[in-house]
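In this text, residue positions in the sequence shown follow the working numbering: the first is 10, and each later residue adds one. We put the CB at the ideal spot given by N, CA and C, even for glycine. Owing to the predicted nature of the structure, the values given are computational and were not obtained by experimental measurement. Beneath this line is the structure, given in structure tokens, with notes to follow.
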Amino acid sequence: TGTYFDYVADGGQDVWFPFQRISGDIFIGPRHRIVLLYQPIDVRTEVYLDDSPITVYEETFDADEPLVLRYGFDFFRLSYLYDFLRDPRNELAVGASLQIRDAVITFAQPSDGTDPAKIRDQSNVGPVPALKFRAKYYVSPRVWLGTEIDGIYAQGKGFVGSTEVESGFKGAILDASLRAGFSPRDNLDTFLNLRYIGGGAEGTSTDYECTGDGYTKNWLHAFSVSLG
Numbered sequence: 010t011g012t013y014f015d016y017v018a019d020g021g022q023d024v025w026f027p028f029q030r031i032s033g034d035i036f037i038g039p040r041h042r043i044v045l046l047y048q049p050i051d052v053r054t055e056v057y058l059d060d061s062p063i064t065v066y067e068e069t070f071d072a073d074e075p076l077v078l079r080y081g082f083d084f085f086r087l088s089y090l091y092d093f094l095r096d097p098r099n100e101l102a103v104g105a106s107l108q109i110r111d112a113v114i115t116f117a118q119p120s121d122g123t124d125p126a127k128i129r130d131q132s133n134v135g136p137v138p139a140l141k142f143r144a145k146y147y148v149s150p151r152v153w154l155g156t157e158i159d160g161i162y163a164q165g166k167g168f169v170g171s172t173e174v175e176s177g178f179k180g181a182i183l184d185a186s187l188r189a190g191f192s193p194r195d196n197l198d199t200f201l202n203l204r205y206i207g208g209g210a211e212g213t214s215t216d217y218e219c220t221g222d223g224y225t226k227n228w229l230h231a232f233s234v235s236l237g
């Protein structure tokens with residue numbers, strides 16, 4: 010019975026936001042890799058709700074009033090990769106990842122002097138397994154191309170990282186990038202990276218204890234451009 014809210018169209022997210030991404034590799038012999046990643050996503054906006062009221066977790070936020078929004082979806086990821094190539098410069102590797110999401114979604118409307126402030130806050134920490142693929146190829150002695158993909162689609166109890174959901178619950182993640190790099194020295198890479206981060210969940214939790222009925226429909230689609 011809630012409003013399906015579009016953050017880009019109605020939540021002030023139709024502009025670019027700065028971000029950072031921290032990752033590192035641990036090499037175990039010539040072919041085994043452990044990859045550690047921290048990706049913060051914490052977008053906060055304030056908009057004027059001028060079209061119509063919205064309903065979030067059985068709370069109605071009035072039109073013609075300001076609305077404060079937070080979409081937080083930080084995640085931590087541990088991955089293992091096996092490299093099929095013996096060449097130390099090029100890479101063709103597959104493996105698996107375990108991602109921990111740290112999600113916080115907040116809708117808030119300050120008091121207008123007559124009505125009290127309204128707030129709906131939903132937070133969740135949970136595991137997300139995924140498959141991983143990574144490749145890097147030198148097209149010349151100093152120029153290389155690469156890609157890195159983590160992703161999975163799952164449906165049903167256990168497969169989505171929780172047994173406390175209905176059988177039709179589904180979830181997905183996709184973190185995919187294309188990069189072009191230049192190696193001015195043997196121990197230094199510079200690169201331009203284009204990335205898509207997407208995913209979400211849709212269905213009903215059976216252990217829901219907050220306001221509402223436990224149903225969620227939450228999908229993220231984000232693009233990034235970065236230098237490294």
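Here Gly-38 is exposed. Its C-beta has fewer than 16 other C-beta atoms within 10 Å. Taking C-alpha positions only, Ile-114 is separated from Leu-58 by approximately 17 angstroms. Rounded to whole angstroms, Leu-187 and Thr-12 show a C-alpha spacing of 35 angstroms. Thr-10 has its alpha-carbon roughly 31 angstroms from the corresponding atom of Pro-49.
Under the three-pair Cβ rule at 8 angstroms, the stretch 76-96 counts as touching the stretch 104-119.
By the Cβ-count criterion, Phe-178 is buried, with 16 or more other Cβ atoms from all chains shown falling within 10 Å of its own Cβ. Cβ-Cβ distances below 7 angstroms link Tyr-147 to Arg-98, Asn-99, Trp-153 in the same chain, with the five nearest sequence neighbours on each side left out; the list follows chain order. For the alpha helix (DSSP H) assignment, the stretch 51-138 encloses no uninterrupted run of at least 4 residues. Under the 10 Å beta carbon count, Gly-155 is surrounded by 16 or more other beta carbons and is classified as buried. Annotation for Tyr-16: the continuous alpha helix (DSSP H) segment containing it runs 16-19.
About 4 angstroms separates the Cβ atoms of Ala-139 and Ser-106, confirming a contact at the 8 angstroms cut-off. Going by beta carbons, Ile-161 and Asp-184 fall outside the 8 angstroms limit. Shortest Cα-Cα distance from His-41 to any of Asp-51, Glu-157, Leu-101 involves Leu-101. As DSSP reads the structure, Ser-235 sits in a beta bridge with Asn-202. Straight through space, the alpha carbons of Leu-87 and Leu-46 are spaced by roughly 7 angstroms. The distance from the Cβ of Ala-189 to that of Gly-209 is about 29 angstroms, inconsistent with a contact at the 8 angstroms cut-off.
The distance from the Cβ of Tyr-89 to that of Arg-129 is about 38 angstroms, inconsistent with a contact at the 8 angstroms cut-off.
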